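First up is the structure itself, then whatever we jot down about it.
There are 2 protein chains.
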Amino acid sequence: MKLTILGCYSATPRIDTHPTSQLLEVNGHMFLIDCGEGTQVQLRRYKVKFSRIKHIFISHLHGDHFFGLVGLISTFQLLGRDTELHVYGPKGIKEAITLQLKLGNSWTPFALIFHELTSKKPELIFEDDKVTVETIPLDHRVYTNGFLFKEKEGERKLLIEKVLEANINVAYYNKLKLGFDVENEDGVLIDHTKVTMPPPPPKSYAFCSDTTYKPDNADQLKGVNVIYHESTFLESHAHLCKKTKHSTAKQAAQIAKLAKAKALILGHYSTRYNDLEDFRREAKEIFDNVALAEDGKVFDF
Amino acid sequence: MKLTILGCYSATPRIDTHPTSQLLEVNGHMFLIDCGEGTQVQLRRYKVKFSRIKHIFISHLHGDHFFGLVGLISTFQLLGRDTELHVYGPKGIKEAITLQLKLGNSWTPFALIFHELTSKKPELIFEDDKVTVETIPLDHRVYTNGFLFKEKEGERKLLIEKVLEANINVAYYNKLKLGFDVENEDGVLIDHTKVTMPPPPPKSYAFCSDTTYKPDNADQLKGVNVIYHESTFLESHAHLCKKTKHSTAKQAAQIAKLAKAKALILGHYSTRYNDLEDFRREAKEIFDNVALAEDGKVFDF
């Protein structure tokens, strides 16, 4: 998985800080997660091929996560896109986008397919043979989801020397990779575990957007490789979390700890702070493997 | 009048080119004209005090003139604005903005007053004691207006030596400035034209947004100081004007010539061109005083 942070600040776009948007590459997919104002310019800056984006996930309908979507869709149209685009987001997103397209008398020539979300429980919203995407119900001032991206378990790997030694016909190799025992050329049943090794463990990424501290999500996130979790505030402003329904860096770390995640990425910083290292320092008191999101940063995992 | 070009390119925002937005300062007002995506960042870049903007004029509801408006309004809200904001634009603009605010559960604490436009004839849409703003009906793919900003005639200027010489009581100075004759301390009626000089001629600015060549507007624009007129294309692409309902640099110059304007500013360039000087060259064949809009450029007139 490769995660590119297009923007990771809260509230309003500024000259040097961009509102939330991320690009997750996994098994050939390029998933766009949230789309604050200016996201299309960030995509150009990091030389992303627009046509590779086929699925956009919007956590909630606050401007810093959503106001760039209509412009991006309009640009897709101007660029002559013809492949379909799937947009997953809270109920109302379809009306907001299509009303603006209608007012501009500019319908998309490509299929624009909205998947409106309303459930307050985790839901499987995307699945193909390699990846699943589930919602992570969050608790913010408006209906909000995070998204959990999981690779499916891949095929077993052939131990090619052992396969040759066991005298197995090439036609059976795929069956072995899928985990079946097969007969060899001499009619002997070969245990697939003797001639293959298990696939690498599938990876997972949890994007936890704007939310109060919500420890009951830890079960769903158990064992996730990487959690991105908003940390709008430092402890000095922890009192603002309740009213604004945001989290501190420490609370984000607490979620990572409860979920037994392998790594935590912090982001969605309030622009009142000058030194992001303070976020890392506070989170590290709870959870060791902490990284800081920064606009343009790429995480490979 | 002071005009700041915040963005002057057509179609989509890019790293170094911004869609249409302009700021016109006139007699204490700061009028924002059009608001493409990223306008709020441009306002920050050029250090504009957000609270000074009280009137926003939107020519039409295509993204490159309009998609930055909802974000700007949301930022006004986050900054704790309490003074009212007037938005003038095509019918539908209110629904588009308020729907998005509603979905984000984020109403403005300040009065947000929409003036929806539907007339296809010039209309007076703003007036105070110093300035008027009229619509300029344009012909584009959707309902579109330009805007004509006119200073009202100011007060006459006192010729202070002559006033003293004429022995006029200070209490009458304002009356003189307004163009009345007054009695001096000796009871003699003083002709105001002898002790004052006429006010400087009022200035005017016409913003002509996206449109085909529309020479019948020249009457309304007669004698205007400065016309900004879109010039999406050069002559080499003149054949695209009909379908897209845009103008060439030459056509923009023709409008300036017919209107007997004092100066022409070109803008709304298609991003297909590399050298903006070509626009100036083609326009100059028709009209001499041509300037090129560029993002960040300031015109004082």
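Protein sequence lines correspond, in order, to chains A and B.
Residue 527, in the numbering used here, is where the first sequence stops; the numbers in between run on with no holes.
Residue 527, in the numbering used here, is where the second sequence stops; the numbers in between run on with no holes.
Quick reminder that beta carbons are idealized off the backbone N, C-alpha and C, glycines included.
Note that the coordinates shown come from a computational prediction; the quantities given were computed from them, not determined experimentally.
Which residue or residues does DSSP assign as beta-bridge partners of residue i?
i: T230 (chain B); result: B:L249, B:V524
i: N371 (chain A); result: A:P363
i: L342 (chain B); result: For clarity, residue 342 (chain B) is Glu in the given sequence; the question names Leu instead. The partner list for E342 (chain B) (beta bridge, DSSP) reads B:G315.
i: Y454 (chain B); result: B:F433, B:I491
i: K383 (chain B); result: B:M423
i: A517 (chain B); result: B:I491
i: I323 (chain B); result: Note: I323 (chain B) sits in no beta bridge, so no partner.
i: L415 (chain A); result: A:E409
i: K357 (chain B); result: Residue identity check: residue 357 (chain B) is Val in the sequence provided, not Lys. B:E377.
i: F459 (chain A); result: A:T474
i: Y235 (chain A); result: A:P245, A:Y495
How many whole angstroms separate the CB atoms of residue i and residue j, which I take to be in contact at a CB cut-off of 8 Å?
i: E342 (chain B); j: K320 (chain B); result: 6 Å
i: C234 (chain B); j: E461 (chain B); result: Their Cβ separation, rounded to whole angstroms, is 20 Å, which puts C234 (chain B) and E461 (chain B) out of contact at 8 Å.
i: A410 (chain A); j: A392 (chain A); result: What sits at residue 410 (chain A) in the sequence shown is Asn, not Ala. So it is a contact: roughly 5 Å between Cβ atoms.
i: L298 (chain B); j: I323 (chain B); result: 10 Å between Cβ atoms; not a contact.
i: T458 (chain B); j: Y495 (chain B); result: 7 Å
i: K476 (chain A); j: E503 (chain A); result: Not a contact, Cβ separation roughly 15 Å.
i: H291 (chain B); j: S435 (chain B); result: 7 Å
i: F336 (chain A); j: T309 (chain A); result: 6 Å
i: D260 (chain A); j: S285 (chain A); result: 6 Å
i: L232 (chain A); j: Q248 (chain A); result: 6 Å
i: R517 (chain B); j: I481 (chain B); result: Position check: residue 517 (chain B) holds Ala in this sequence, whereas Arg was assumed. Between I481 (chain B) and A517 (chain B) the Cβ distance is about 15 Å, and since that is not below 8 Å, they are no contact.
i: V524 (chain A); j: L229 (chain A); result: 7 Å
Check for me: the beta strand (DSSP E) holding residue i runs from which residue to which?
i: Y399 (chain B); result: Here Y399 (chain B) belongs to no beta strand (DSSP E); instead the alpha helix (DSSP H) covers 399–403.
i: C434 (chain B); result: 430–434
i: F352 (chain A); result: 350–353
i: A258 (chain A); result: Here the sequence assigns Leu to residue 258 (chain A), which means Ala is not the residue at that position. Residues 255–259.
Which chain A residues sit within Cβ distance under 8 Å of residue i?
i: A489 (chain B); result: Those within 8 Å of A489 (chain B) in chain A number zero; the least Cβ separation is about 31 Å.
i: Q266 (chain B); result: T238, P239, E263
At which residues does the alpha helix (DSSP H) containing residue i begin and terminate?
i: G297 (chain B); result: 295–304
i: F292 (chain B); result: 289–292
i: F537 (chain A); result: Chain A is shown only over 227 to 527; residue 537 (chain A) falls outside these bounds and no answer can be derived.
i: V396 (chain B); result: No alpha helix (DSSP H) holds V396 (chain B); DSSP gives it neither H nor E.
i: I282 (chain A); result: Run containing I282 (chain A): none in the alpha helix (DSSP H); it sits in the beta strand (DSSP E), 281–283.
i: I481 (chain B); result: 475–484
i: A444 (chain A); result: 444–447
i: V267 (chain A); result: 265–271
i: T470 (chain A); result: 466–470
In chain B, which residues lie with their C-beta within 9 Å of the C-beta of residue i?
i: T321 (chain A); result: First, the amino acid is wrong: residue 321 (chain A) is Glu here, not Thr. L325, L329, listed in chain order.
i: R507 (chain A); result: Result: empty, since nearest Cβ-Cβ is about 27 Å, beyond 9 Å.
List, in chain order, every chain A residue whose beta-carbon is nearer than 7 Å to that of residue i.
i: R271 (chain B); result: I241
i: Q304 (chain B); result: The sequence given here places Leu at residue 304 (chain B); Gln does not occur at that position. Chain A residues near L304 (chain B): A237, T238.
i: R278 (chain B); result: Those within 7 Å of R278 (chain B) in chain A number zero; the least Cβ separation is about 17 Å.
i: F293 (chain B); result: V296, G297
i: G318 (chain B); result: L329
Which chain B residues are close to residue i, counting only those with a beta carbon under 7 Å from its beta carbon?
i: S210 (chain A); result: Examination of residue 210 (chain A) is not possible in this model, given that chain A is present from 227 through 527 alone.
Run through chain A and tell me which residues come within less than 9 Å of residue i, C-beta to C-beta.
i: V274 (chain B); result: Chain A residues near V274 (chain B): none, gap ~13 Å exceeds 9 Å.
i: V211 (chain B); result: It is not possible to answer for residue 211 (chain B), since the shown part of chain B is limited to 227 through 527.
Step through the CB atoms of chain D and report whether any lies within less than 8 Å of the CB of residue i.
i: L269 (chain B); result: Within the model displayed, chain D is absent; protein chains A and B are what it includes.
Do the region 451–459 of chain B and the region 484–499 of chain B make contact, defined as three or more Cβ pairs closer than 8 Å? At 8 Å Cβ cutoff, the stretches touch.
Indicate whether the contact test is met: 3 or more Cβ pairs, each with one atom in the region 362–376 of chain B and one in the region 403–419 of chain B, closer than 8 Å. In short, these stretches do not touch, since the Cβ pair count stays below three.
When the Cβ atoms of the region 319–334 of chain A are set against those of the region 357–365 of chain B, are three or more pairs found closer than 8 Å? In this structure the region 319–334 of chain A does not lie against the region 357–365 of chain B, because fewer than three pairs of beta carbons, one per stretch, are closer than 8 Å.
Count Cβ pairs between the region 437–449 of chain A and the region 413–423 of chain A that sit closer than 8 Å; are there 3 or more? With a cut-off of 8 Å, the region 413–423 of chain A and the region 437–449 of chain A do not count as touching, because too few Cβ pairs lie within range.
Report yes or no: do the region 506–518 of chain A and the region 254–269 of chain A share at least 3 C-beta pairs separated by less than 8 Å? At 8 Å Cβ cutoff, the stretches do not touch.
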